[in-house]
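Residue numbers (our numbering): 1267 to 1776.
For glycine and all other residues, C-beta sits at the position ideal for the given N, C-alpha and C.
Below: one structure, written as structure tokens.
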RNA sequence: GGCCCCUUCGUCUAAUCGGUUAGGACACCAGCCUUUCAAGCUGGCAACAGGGGUUCGAAUCCCCUAGGGGUCACCA
């Protein structure tokens, strides 16, 4: 299939960036236009990302527009959430937010002009009439198309309808023959026969524009050069183009990106777990990881490019709409988890601590505001455990013993390490030696354990495993000596003795 | 149902104009490393939806079938 290389001249423009003021360059202007009827979900977020990447790569502008013409469903708290989600992801925009609800005059003006030019007309058909026609069509198993009843009403007819108090909508007079071609960067040319497109409503009886009309007018009047949006809009694009043509505007170039599907290949919804950016935030994903993951859903740098980890800037440098797939993608939390763990491991420690703090607070492990030394301690703990967590929430989960003095011993660990012969006495011996150790540092402790294991004639493991259980309650975690240093001598010794007593008194003889 | 889009390992994907042992990543399995768990390293498992053409040669071009998705609102 033929693909357009619309980016050609733009690459040139990029090349001549410094000379921009001397030449008139084709400027890229894109928009992300969510409707504030819910939280920003992963599909919308990726559309925003692609817009951002495309605009940034071309040195163009990115506009944020809020499509809030549906007064019933739009809510201002969703607008706030949407904006904060965008900020959190790091997707900055150059203009806006522009609200459709504040541009209503433009839509009615355009519609009236079309009526005056006889390209649109008032339709007085009742909802009942229309639904009737629709259900009849369904019965006969054919598609319903508005029959054009009100296309050629006379002045007198209109007058009498109005005096009857009948309300009207405005419909666009669409051609009955011919083909409307959508030029799409990702899909090539898509043909739609006009005979299947009926006279769509552009202004509702309440005076508000319909989505297709308002959206197209905005794109046109705002000078949008590339409309990058989800594939679900592809089928409606010919209608929008017909609006633009009637109005006499040049068309923007389209790019319909594939949808993101749930694991069962159905449309993503609440019952599929976390799908909104907000939820990913509260589950402890890092914005860089989410962005990186989303970028790879439908896009890949292509031939030769085998890496998967990209910073936003790297993505900007390599992004190309022509390399976006046509196939809908199933989103897979497992890979997101891997990516997130990668970012947790490699993040700047300070930033990571900052991001993780709320999760430690939520578990009651620390309390804000933190004293400086507590903050340092938290940072060291995070440095020690970060390699083992997939989310920030998990980071807090596996760190509890660093902050809590009482914790349960893991069941399987007790069987494996506490119920071994002499476990209690080994632990006591270690505790005693640690107590009188000159310096409580990694090297000294390790040396101590080595010599003790030799002295007792047992393997290091026989000593180390019960010790880990004693001071963390767990069988897994960071290097043992590292934990002991972080915990400090007093707590280490206390926990060892407590565990020894526990084994002696609570554990049944095997 | 009409119209439109899509179809490569379980998942995300790669494969300049038709010629590859169909590549990578996640997941999974095994080994190495190791005080545990991770991480890391090495290896393994695993795909061109099906059927017809065109061609010396097809994942790649054409047609058909099947499956998935979208859309057909006075929702966006």
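Under the DSSP assignment, residue 1707 falls outside any alpha helix (DSSP H); it carries neither an H nor an E label.
Of all alpha-carbon atoms in 1320, 1326 and 1305, the one lying nearest the alpha-carbon of residue 1294 is that of 1326. Secondary structure note for residue 1458: its beta strand (DSSP E) is the uninterrupted segment 1454-1459. In the structure shown, the three-state DSSP call for residue 1509 is helix. Every alpha helix (DSSP H) of 4 residues or more that sits fully in the region 1689-1758 is shown, in chain order, as 1689-1701, 1708-1722, 1726-1738 and 1746-1753. The C-beta of residue 1529 has fewer than 16 other C-beta atoms within 10 Å across all chains shown, which makes the residue exposed. Taken atom to atom, the span from the alpha-carbon of residue 1456 to that of residue 1507 is near 12 angstroms. Inclusion of residue 1302 and residue 1340 in the CB contact set at 8 angstroms is warranted, their separation being smaller than that value. In the DSSP annotation of this structure, the continuous segment of the beta strand (DSSP E) that includes residue 1330 starts and ends at 1327-1332. Between the alpha carbons of residue 1472 and residue 1348 lies a distance of about 27 angstroms. One Cα belongs to residue 1331, the other to residue 1311, and the distance between them is close to 14 angstroms. Around the C-beta of residue 1696, 16 or more other C-beta atoms lie within 10 Å, and the residue is accordingly described as buried. Within a 10 Å sphere around the beta-carbon of residue 1771 sit fewer than 16 other beta-carbons, which makes this residue exposed. Around the beta carbon of residue 1762, 16 or more other beta carbons sit within 10 angstroms, so the residue counts as buried. Taking C-alpha positions only, residue 1625 is separated from residue 1659 by approximately 6 angstroms.
Between residue 1450 and residue 1412, the C-beta spacing is not below 8 angstroms.
Rounded to whole angstroms, the Cβ separation of residue 1739 and residue 1675 is 5 angstroms, and the two are in contact under 8 angstroms. Using a Cβ distance threshold of 8 angstroms, residue 1376 and residue 1452 do not count as a contacting pair. Cβ-Cβ distances below 7 angstroms link residue 1498 to 1525 in the same chain, with the five nearest sequence neighbours on each side left out; the list follows chain order. By a beta-carbon distance limit of 8 angstroms, residue 1504 contacts residue 1448. Their separation comes to about 6 angstroms. The way I'd put it, the region 1749-1764 does touch the region 1699-1718; three or more beta-carbon pairs between them come closer than 8 angstroms.
Within the region 1468-1548, the alpha helix (DSSP H) runs of at least 4 residues that lie entirely inside it are, in chain order, 1477-1487, 1503-1513 and 1543-1548. Using a 10 angstroms sphere on the CB of residue 1547, the tally of other CB atoms reaches 16 or more, which defines it as buried.
Annotation for residue 1610: no beta strand (DSSP E) segment contains it, though the alpha helix (DSSP H) segment containing it runs 1599-1612. In terms of Cβ geometry, residue 1549 and residue 1393 do not form a close pair [threshold 8 angstroms]. For residue 1424, the enclosing alpha helix (DSSP H) stretches over residues 1421-1429. Straight-line spacing of the CA atoms in residue 1585 and residue 1540 works out to 27 angstroms. A Cβ-Cβ distance of about 6 angstroms is found for the pair residue 1356 and residue 1553, placing them in contact under the 8 angstroms criterion. In this structure, the beta-carbon distance from residue 1594 to residue 1693 does not fall below 8 angstroms.
Boundaries of the beta strand (DSSP E) around residue 1297: 1295-1298. Separation of residue 1321 and residue 1589 (C-alpha to C-alpha, rounded to the nearest whole angstrom) is 15 angstroms. For residue 1363, the enclosing beta strand (DSSP E) stretches over residues 1361-1365.
The beta-carbon distance between residue 1654 and residue 1686, rounded to whole angstroms, is 25 angstroms. This is too long to meet the 8 angstroms contact definition. DSSP places residue 1450 inside the beta strand (DSSP E), whose first and last residues are 1445-1450. Proximity to residue 1612 across 1427, 1577, 1400 and 1582 peaks at 1577, based on C-alpha coordinates. The C-beta separation of residue 1730 from residue 1715 comes to about 7 angstroms, placing the pair in contact by the 8 angstroms criterion.
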